[in-house]
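**Q** Residue numbers (numbering that gives the first Met the number 0), protein chains in the order written: chain A, 0 to 200; chain B, 0 to 200.
Note that the Cβ used here is the ideal one computed from N, Cα and C, for glycine as well.
So that we are looking at the same thing, I have put the structure below in structure tokens.
Number of protein chains: 2
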Amino acid sequence: MSLDHILLGMLHEPASGYDLKQEFERSVRHFWFAELSQIYPALKRLEDRGLLQSTVVPSSRGPERRVFETTEDGTKALEEWLRDEPIIAQDRLAYLAQLFFMGKLEDLSETEGFMERLRGMMATRLAILQAIEAEWMGAIGVAGDGLTEIEDDRVFHMYTTLRMGIHSLRSRVEWCDETLNAIRERRARAATRDETEVTRA
Amino acid sequence: MSLDHILLGMLHEPASGYDLKQEFERSVRHFWFAELSQIYPALKRLEDRGLLQSTVVPSSRGPERRVFETTEDGTKALEEWLRDEPIIAQDRLAYLAQLFFMGKLEDLSETEGFMERLRGMMATRLAILQAIEAEWMGAIGVAGDGLTEIEDDRVFHMYTTLRMGIHSLRSRVEWCDETLNAIRERRARAATRDETEVTRA
DNA sequence: GACCCCATGTAAAGGGTTACATGATTTA
DNA sequence: TAAATCATGTAACCCTTTACATGGGGTC
Chain A
0 MSLDHILLGM LHEPASGYDL KQEFERSVRH FWFAELSQIY PALKRLEDRG
50 LLQSTVVPSS RGPERRVFET TEDGTKALEE WLRDEPIIAQ DRLAYLAQLF
100 FMGKLEDLSE TEGFMERLRG MMATRLAILQ AIEAEWMGAI GVAGDGLTEI
150 EDDRVFHMYT TLRMGIHSLR SRVEWCDETL NAIRERRARA ATRDETEVTR
200 A
Chain B
0 MSLDHILLGM LHEPASGYDL KQEFERSVRH FWFAELSQIY PALKRLEDRG
50 LLQSTVVPSS RGPERRVFET TEDGTKALEE WLRDEPIIAQ DRLAYLAQLF
100 FMGKLEDLSE TEGFMERLRG MMATRLAILQ AIEAEWMGAI GVAGDGLTEI
150 EDDRVFHMYT TLRMGIHSLR SRVEWCDETL NAIRERRARA ATRDETEVTR
200 A
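This is the structure in structure tokens:
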């Protein structure tokens, strides 16, 4: 299971479930999401299987913390997963399903509105990733091509996943634009046809 | 739930669960996937909720077929869903998670192999979608820009989803290439550095 | 006779979301 | 004193995957 391996990957240094949730939001949010209510039992499972071990430590503020660290078996399991074939899951894109059947509404202005809202959402996400990229590049003091100028190999790997998000969202925005153009052309043509008919009548 | 609505969308004419599975493979496979064992109970649920009704009919070959058709309520439910906001689910891209942590292997050739295999998979999928597009364009006898030349609005809607798949996979392949180039540059640089050190020693 | 396609399902297990419960400390 | 943050969890439900069960008809 991927969540388990992501948790193993994040535990290069000891951390609690709560810490790991923060880390999720900070660093892998663009390709994975997990609720706390999913993380806690996952950590317990991993400990039961001997891939993690935990100790309870008092917290400076708030209740006690259960802090996990990787065992040797945990590291082995992670490396095995990293050497696996690329895991590609089935896409399930509900908004494409909506669009696919939207012809049934027999009103292209519905589709136009839908695509405009979709474009907005995609563009917002793209802007967020680009801001993260800019911030990163600033932090490491890199000006030109991040991919070749990054020193650290670990940072390089992380950065490539951000690049994927940017490529992907850019292509989605482009697709929205292509589609919106086509819709507008179709609507314009339909309007002209109607006018001609009205004039003729 | 989206599966339910996709089934409603597909039932413009009466069909059995088995038929609908074929239809899944034929027409929405690039953005949705469902097992038969998921489709049968889904149809039952929809019938219980009054959005579908079914009749059992004998089959020319094999066992009896349970054929479903939409009710008025079913059509209403579908249209409501179509008028909803675009539904964007959380992406969960396991292969990006693998890549994100792959620096831990401390061997860029592992990453290179991984990215080559990933590129292969993406390119294969892209080729499949492009073949479908070509076939389609041939079938409707359209030569130039499909999006504006398609007559039927329903066909237009379906075609846009195929275009999304093509855009998306093309951008993934491009990202793989960008990443592979960067990896090769890094490896070349590392090799040069090693040589210099060997010469010096 | 073996195998594939037609056709319908159930059952168990895995993975994810939403809601609920609890309670301490810090900040406005 | 109210709200936010720290911190850990459980429970119910929903969706998906995998495995199992059944049996007729046609083809090699």
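#1: Grab the span of the beta strand (DSSP E) containing L51 (chain A) for me, first residue to last.
#2: Buried or exposed for P40 (chain A), please, with buried defined as at least 16 other CB atoms from any protein chain shown within 10 angstroms of its CB.
#3: Going straight from the alpha carbon of D152 (chain B) to that of L128 (chain A), what length do you get?
#4: Between I139 (chain A) and chain B, is there a C-beta pair that is closer than 8 Å?
#5: From A138 (chain B) to T159 (chain A), what distance separates their C-alpha atoms?
#6: So the beta strand (DSSP E) R48 (chain A) belongs to, where does it begin and stop?
#7: Throw me the rounded Cβ distance for the F113 (chain A) and M101 (chain A) pair, which I believe falls under 8 Å.
#8: On the three-pair Cβ rule with 8 Å, is the region 159-175 of chain A touching the region 161-177 of chain B?
#9: According to DSSP, simplified to helix, strand and coil, what is F100 (chain A)?
#10: Could you name the residues of the same chain whose beta carbon sits closer than 7 Å to that of Y94 (chain B), not counting the 5 residues immediately before and after it, in chain order?
#11: How long is the line joining the alpha carbons of G145 (chain A) and M136 (chain A), rounded to whole angstroms?
#12: Say whether chain A places a C-beta atom closer than 8 Å to the C-beta of T160 (chain B).
#13: Can you find a CB in chain A that lies within less than 8 Å of the CB of D72 (chain B)?
#14: Could you confirm whether any beta carbon from chain B is found closer than 8 Å to the beta carbon of S108 (chain A)?
#15: Please list the terminal residues of the continuous beta strand (DSSP E) segment that includes T69 (chain A).
#16: Short of 8 Å Cβ to Cβ, which residues in the region 59-89 of chain B face chain A?
#17: Taking the alpha carbon of D106 (chain A) as the reference point, which residue from B:L81, B:G49, B:P57, B:R188 has its own alpha carbon closest?
#18: Quick check on the DSSP output: the alpha helix (DSSP H) that includes D3 (chain B) runs from which residue to which?
#19: Measuring alpha carbon to alpha carbon, tell me which of B:F32, B:L77, B:R91, B:V55 ends up nearest G8 (chain B).
#20: For S59 (chain B), does the count of other Cβ atoms within 10 angstroms reach 16, so buried, or fall short, so exposed?
#21: Select from the region 90-122 of chain B all residues with a C-beta closer than 8 Å to any C-beta belonging to chain A, and list them in chain order.
#22: Tell me, please, whether the CB atom of F23 (chain B) is closer than 8 Å to any CB atom in chain A?
#23: Excluding the 5 residues preceding and the 5 following T123 (chain B) in the sequence, name in chain order all residues of the same chain whose CB lies nearer than 7 Å to its CB.
#24: For the structure I just gave you, are there three or more beta carbon pairs, one from the region 84-99 of chain A and one from the region 21-38 of chain A, closer than 8 Å?
#25: With DSSP collapsed to three states, give me the class of S59 (chain B).
#26: Chain A partners of D152 (chain B), CB-CB under 8 Å?
#27: Quick check on G49 (chain B): buried or exposed, where buried means 16 or more other Cβ atoms within 10 Å of its Cβ?
#28: Hey, out of A:S53, A:M0, A:Y17, whose CA is closest to I87 (chain A)'s CA?
#29: Give the secondary structure of A203 (chain A) by DSSP, where H, G and I count as helix, E and B as strand, and everything else as coil.
#30: Would L2 (chain B) pass as a contact of E68 (chain B) if the rule is Cβ separation under 8 Å?
#31: Give me the Cβ distance between V27 (chain A) and A96 (chain B), rounded to the nearest whole Å; I'm assuming they're in contact under 8 Å.
#32: So with Cβ pairs under 8 Å, would you call T147 (chain B) a contact of chain A?
#33: So what's A187 (chain A) in DSSP terms, helix, strand or just coil?
#34: Chain B partners of V27 (chain A), CB-CB under 9 Å?
#35: For G8 (chain B), go through chain A and note every residue whose CB falls closer than 8 Å to its CB, in chain order.
**A** According to the structure shown:
#1: Counting along the chain, L51 (chain A) sits inside the beta strand (DSSP E) bounded by residues 51-56.
#2: It counts as exposed.
#3: CA-CA distance, D152 (chain B) to L128 (chain A), rounds to 35 Å.
#4: Under the Cβ criterion of 8 Å, I139 (chain A) is not counted among the residues facing chain B.
#5: Between A138 (chain B) and T159 (chain A), the C-alpha separation is close to 40 Å.
#6: No beta strand (DSSP E) holds R48 (chain A); DSSP gives it neither H nor E.
#7: Confirmed, Cβ separation roughly 7 Å.
#8: In short, these stretches touch, since the Cβ pair count reaches three.
#9: Shown here, F100 (chain A) sits in a helix according to DSSP, grouped into three states.
#10: Exclusion of the five residues before and after Y94 (chain B) leaves L117 as the residues of its chain whose Cβ lies within less than 7 Å of its Cβ.
#11: Whole-angstrom Cα-Cα distance: 7 Å.
#12: It does; some Cβ of chain A falls within 8 Å.
#13: With 8 Å as the cut-off, D72 (chain B) does not count as an interface residue toward chain A.
#14: Residue-level contact by beta carbon fails for S108 (chain A) and chain B, as no gap is shorter than 8 Å.
#15: Here the beta strand (DSSP E) through T69 (chain A) covers 64-69.
#16: Here the close residues are L77, E78, W80, L81, R82, D83, E84, P85, I86, I87, A88, Q89.
#17: Checking every option, the nearest Cα to that of D106 (chain A) belongs to B:L81.
#18: Boundaries of the alpha helix (DSSP H) harbouring D3 (chain B): 1-9, taken from the DSSP string.
#19: The shortest Cα separation from G8 (chain B) among B:F32, B:L77, B:R91, B:V55 belongs to B:L77.
#20: Exposed is the call here.
#21: For the region 90-122 of chain B, the residues whose beta carbon sits under 8 Å from a beta carbon of chain A are, in order, D90, R91, L92, A93, Y94, L95, A96, Q97, L98, F99, F100, M101, G102, K103, L104, E105, L107, E109, T110, F113, R116, L117, M120.
#22: No, because no Cβ of chain A sits closer than 8 Å to the Cβ of F23 (chain B).
#23: Take T123 (chain B), set aside five residues on each side of it, and no residue of its chain has a beta-carbon closer than 7 Å to its own.
#24: Contact check between the region 84-99 of chain A and the region 21-38 of chain A: fewer than three CB pairs, one atom from each, fall below 8 Å, which does not count as touching.
#25: Three-state result, S59 (chain B): coil.
#26: Below the 8 Å Cβ cutoff, chain A contributes G102, E105, L107, R185 as neighbours of D152 (chain B), in chain order.
#27: Exposed.
#28: Minimum Cα distance to I87 (chain A) is reached at A:M0.
#29: Only positions 0 to 200 of chain A appear in this structure, which leaves residue 203 (chain A) out of reach.
#30: Not a contact, by the Cβ cut-off of 8 Å.
#31: Between the beta-carbon of V27 (chain A) and that of A96 (chain B) there is about 7 Å, and that keeps the pair under the 8 Å contact cut.
#32: Interface residue (Cβ-Cβ distance to chain A less than 8 Å): T147 (chain B) is classified as such.
#33: In the structure shown, A187 (chain A) sits in a helix (DSSP, three-state: H, G or I).
#34: Ordered by position in chain B, the residues that pass the 9 Å Cβ test against V27 (chain A) are L95, A96, F99.
#35: Those within 8 Å of G8 (chain B) in chain A are A96, F99, F100, K103.
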